[in-house]
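Okay, structure first, notes after.
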Amino acid sequence: MAPPDPSTVRFDGPWIHRDIHANGIRFHTVEVGASAPDAPLVVLLHGFADFWWSWRHQLTALSAEGYRAVAVDLRGYGDSDKPPRGYDGWTLAGDIAGLIRAMGYGEATLVGHADGGLVCWATAVLHARLVRSIALVSSPHPLALKQAVLHDRYQRKALLPSFVSCQVPWRPERRLTRDNGSEVERLIRERSGPGWTENPEFDVVVSRMRSAIQIPGTAHCTLEYQRWAFRSQFRPDGSRFMASMDQTLRIPVLHLHGDLDPYVLADTVRRSHRFAPTQQMQTVAGVGHYAHWEAPERVNAALLDLVAPRTV
Numbered sequence: 001m002a003p004p005d006p007s008t009v010r011f012d013g014p015w016i017h018r019d020i021h022a023n024g025i026r027f028h029t030v031e032v033g034a035s036a037p038d039a040p041l042v043v044l045l046h047g048f049a050d051f052w053w054s055w056r057h058q059l060t061a062l063s064a065e066g067y068r069a070v071a072v073d074l075r076g077y078g079d080s081d082k083p084p085r086g087y088d089g090w091t092l093a094g095d096i097a098g099l100i101r102a103m104g105y106g107e108a109t110l111v112g113h114a115d116g117g118l119v120c121w122a123t124a125v126l127h128a129r130l131v132r133s134i135a136l137v138s139s140p141h142p143l144a145l146k147q148a149v150l151h152d153r154y155q156r157k158a159l160l161p162s163f164v165s166c167q168v169p170w171r172p173e174r175r176l177t178r179d180n181g182s183e184v185e186r187l188i189r190e191r192s193g194p195g196w197t198e199n200p201e202f203d204v205v206v207s208r209m210r211s212a213i214q215i216p217g218t219a220h221c222t223l224e225y226q227r228w229a230f231r232s233q234f235r236p237d238g239s240r241f242m243a244s245m246d247q248t249l250r251i252p253v254l255h256l257h258g259d260l261d262p263y264v265l266a267d268t269v270r271r272s273h274r275f276a277p278t279q280q281m282q283t284v285a286g287v288g289h290y291a292h293w294e295a296p297e298r299v300n301a302a303l304l305d306l307v308a309p310r311t312v
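For the sequence shown, counting from 1, position 243 maps to 243 in UniProt numbering; every step adds exactly one.
Take a look at the structure:
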């Protein structure tokens, strides 16, 4: 059977699919309906082995309240370009900064899950003028995550085996794509809360995620995020990146964390407070690593509170 074409992620429905060129490549973006010219921009960034559809519930909720909500297939994913390079923190932050400008905006709120959250942190630090606020779903500050892996044996045990297994060539790509992407389903089941796997929506989510990882080039690009994050720690570029991230953010920061998340632990999320003193951590009860899938109504309410204009 031939692998799926990248265009297979352009689902029919209320979605408007666009191609936007930024930072030298083409990005596939999705939004709902036409926004008012002055609608505040909210950019949604997915995580590992994922794509824009992860944010379908947030797209509709934010758009219904008058925001221009845009979900992005990150570099290497879905129907975005899949260049051989550019999976380092600086380039990924430049991607989002370029997208914000290409859409005609001077600032945006960024929302990210897992790897997408790390891109939020990097963009907020490296392109501070473009970022109004950030919301994270199980995605600690890069330095907080590094410190937790080094000093917290529970976080190290939860994260490091999977992370290290991505570093060898070719074998991880084959693992992600074999048996029609069954490894993606295994990871989702392993990191989700028990109630989510019984949800009628679960099978649809898993089917679409399994298909998306089989798009040619996607599995390799997915792993390049993990490989740069690990290997750069032993190289000068990683030291420079971490040094650049060692700044205090003063913008509003919301961190949503499922209390059953077995992959990113609550103590690790709390460590981010050192780098973002304004961080508000909200625990989402009864869910795992994918709070925006598992409890979309609660996540949507928290996001709308973050982006709502503040009255003095």
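Beta carbons: idealized from backbone N, C-alpha and C, even for Gly.
Only a predicted model underlies this, so the values are computations on that prediction, with no experimental measurement involved.
Within 9 Å, strictly: CB atoms of Val9 and Asp73: yes
Could you pull the start and end residues of the beta strand (DSSP E) that His113 belongs to? Ala108 to His113
What residue range is occupied by the uninterrupted alpha helix (DSSP H) comprising Asp237? Bounds of the alpha helix (DSSP H) holding Asp237 are Pro236 to Met245.
Examine the Cβ distances between the segment 280-292 and the segment 250-259 and report whether three or more of them are shorter than 8 Å. Judged by Cβ distances under 8 Å, the segment 280-292 makes contact with the segment 250-259, as three or more pairs qualify.
So, with DSSP's three-state summary, where would you put Ile100? helix
According to the Cβ coordinates, are Trp121 and Met242 closer than 9 Å? Result no, Cβ atoms of Trp121 and Met242 do not sit closer than 9 Å.
Taking all protein chains shown into account, do 16 or more other C-beta atoms lie within 10 angstroms of the C-beta of Ser63, making it buried, or fewer, making it exposed? buried
Determine the closest residue to Ala285 out of Gly47, Val299 and Asp152, with distance taken between C-alpha atoms. Val299
Given that a residue counts as buried once 16 or more other Cβ atoms are within 10 Å of its Cβ, and exposed if not, what is Gln155? buried
Taking Ser80 and Arg26 to be in contact with their CB atoms under 8 Å, please state how far apart those CB atoms are, rounded to whole angstroms. 7 Å
Could you give the first and the last residue of the continuous alpha helix (DSSP H) run that contains Met281? Going by DSSP, Met281 is part of no alpha helix (DSSP H) but of the beta strand (DSSP E) stretching over Gln280 to Val284.
On a Cα-Cα basis, can you pick out the residue from Thr109, Ala229, His292 and Ala148 that is closest to Val164? It is Ala229 whose Cα lies nearest to the Cα of Val164.
Report the three-state DSSP secondary structure of Trp15 (helix, strand or coil). strand
In the structure shown, what three-state DSSP assignment does residue 333 receive? The chain is shown from 1 up to 312; residue 333 falls before or after that span and cannot be answered.
State the Cα-Cα distance for the pair Pro83 and Pro216, rounded to the nearest angstrom. Distance between the alpha carbons of Pro83 and Pro216 is about 12 Å.
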